[in-house]
Amino acid sequence: MKPMMKKLLCLLLFMSLALGILLGCAGKRPIAREATGPDWSSLTVRRQVPLQSATQFSLTEYDQGYTLLDIPTSGRFLLVPEGVSVPKGLDEDIVPLLAPLDRMYLAATSAMDFFRALNCVGDIRLSGTDKSGWYIEEAKEALENGSMVFAGKYSAPDYELIFAEKCDLAIESTMIYHSPEVKEQLEKLGVPVLVERSSYEQDPLGRMEWVKVYGALVGKLSEAEALFDQEVSAVAPLLDQPRTDKTVAFFYITTTGTVNVRKSDDYVPRMIALAGGTYAFPDLSSGSALSTVNMTMESFYDGARDADLLIYNSTIDGELFTLDELLQKSAFLKDFKAVQNGNVWCTGKNLFQEPMGLGKLILDMHRVLTEDAPGELTYLHKLTGGAN
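Under the working numbering, the residues of the sequence shown are numbered -17 to 370, in order.
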């Protein structure tokens, strides 16, 4: 056998043994402390955390500071405070999470905004998004100064790094269900996996209410409840105001020339309604579980030509700044009422990563629906120029 071939085989053998040792040790790495606490069945409920709009989770507080987080289809997690032991006789499907959770792996990008709002970005040690993928400045800064490190995207995490960093929780979006082997492998390494479902909330306020989940994880539930109440209070005055008679279309144009719009029961049409407008596609649905629908430009033309307001969604397609940029995507849009009247707006690219800003977006929408010159807004900017 040639010396080079021998070296290659030795290297492959070494890597195989190293991985085997790593995965073998993973089974010995406990997810939780030994269960020496009180009997689970003896604990009494102190409080069911009130939820105003969210439907995709529940939080229940028990004696001695335990909090049970229940996320349908994701699992049940018991938050165990410092200085307190895991209860004995805990239901087998409940995963104990031991405080402090300060070495988390975050693959669900939209959750970072909740940590930022709670001043807890420092509790995220491992990121599933590298610096170029973040619009949240605190996340960029953390990656730059090394307090957070990139550990691979959700579908291809760096298992060795995650294990070496003693990760105490992996927070994933439902995209992880497309790579079930990743979730399984993380759990084999002793890393609990929480699949968050804030994107399944049909009410925008329900999405914001997930700040309570992350507040509970980092021991700041009361602060999270106060933050949510503050955001709701800012939007509350709109609920008592009369609706406008203006219609709104929210969309973007795909690379294939079709138009992506939201289903009628999605959270975006709900925001438009809260802002005082009427969604241009009130009866839009499909057999798909997706929250959006792709339609032909001709169908979009029929439904949105006379809309008073167009809002271009930049989250996927990128920001636009002029009407000429919009018309380059489709000449059909030139005949739209909103284009003729110069009433076309675009969202900022950071919108998807900032669910805590949905209340401000509702306020932005209300201003562009009710004010002739709303001035500077938080998440919307007007496309300049004229329809030539």
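Beta carbons: idealized from backbone N, C-alpha and C, even for Gly.
Rounded to the nearest angstrom, the gap between the Cα atoms of M277 and N242 is 6 Å.
Following the DSSP letters along the chain, one finds I293 inside the beta strand (DSSP E) bounded by residues 291 to 294. Assignment of V103 by DSSP, reduced to helix, strand and coil, places it in the helix class. Per DSSP, G330 is not a residue of any alpha helix (DSSP H), being assigned neither H nor E. Fewer than three Cβ pairs drawn from the segment 320 to 327 and the segment 260 to 267 lie within less than 8 Å of each other, which leaves the two stretches out of contact. Where N276 is concerned, there is no enclosing alpha helix (DSSP H), although the beta strand (DSSP E) around it starts and stops at 274 to 277. Here I254 really is in contact with F232; their C-beta atoms are around 7 Å apart, less than 8 Å.
Looking from the CA of R98, the closest CA among I344, D211, G285, V200 belongs to V200. Counting only the Cα atoms, L171 lies some 17 Å from G110.
At a Cβ-Cβ threshold of 8 Å, T37 and L50 do not count as neighbours. The beta carbon of K331 is closer than 8 Å to those of Y117, S296, T297, G300, E301 in its chain, skipping five residues each way along the sequence. In the displayed model, L362 falls within a strand according to three-state DSSP. For E43, the uninterrupted beta strand (DSSP E) segment begins and ends at 40 to 44. Secondary structure at M130: coil, using DSSP grouped into helix, strand and coil. Residues of the same chain with a CB within less than 6 Å of the CB of I344, apart from the 5 flanking positions on each side, are V217, M253, L256, A257 in chain order. In this structure S215 is exposed. Its beta-carbon is surrounded by fewer than 16 other beta-carbon atoms within 10 angstroms. Close CB contacts of L168 within its chain, under the 6 Å cut and outside five residues either way in sequence, are with A152, V175 (chain order). Looking from the CA of S92, the closest CA among T156, Y44, L315 belongs to T156. The criterion of a C-beta distance shorter than 8 Å is not satisfied by Y87 and L60. In this structure, the CA atom of F132 is about 15 Å from the CA atom of E154.
In the three-state reduction of the DSSP assignment, P174 falls in the coil class. For R189 against I53, the beta-carbon gap comes to about 14 Å, at or over 8 Å, which does not count as contact.
Relative to V275, the option among R244, P224, H363 whose CA is nearest is R244.
Ranked by how close their Cα comes to the Cα of A206, the residues V103, D290, V193 have V193 in first place.
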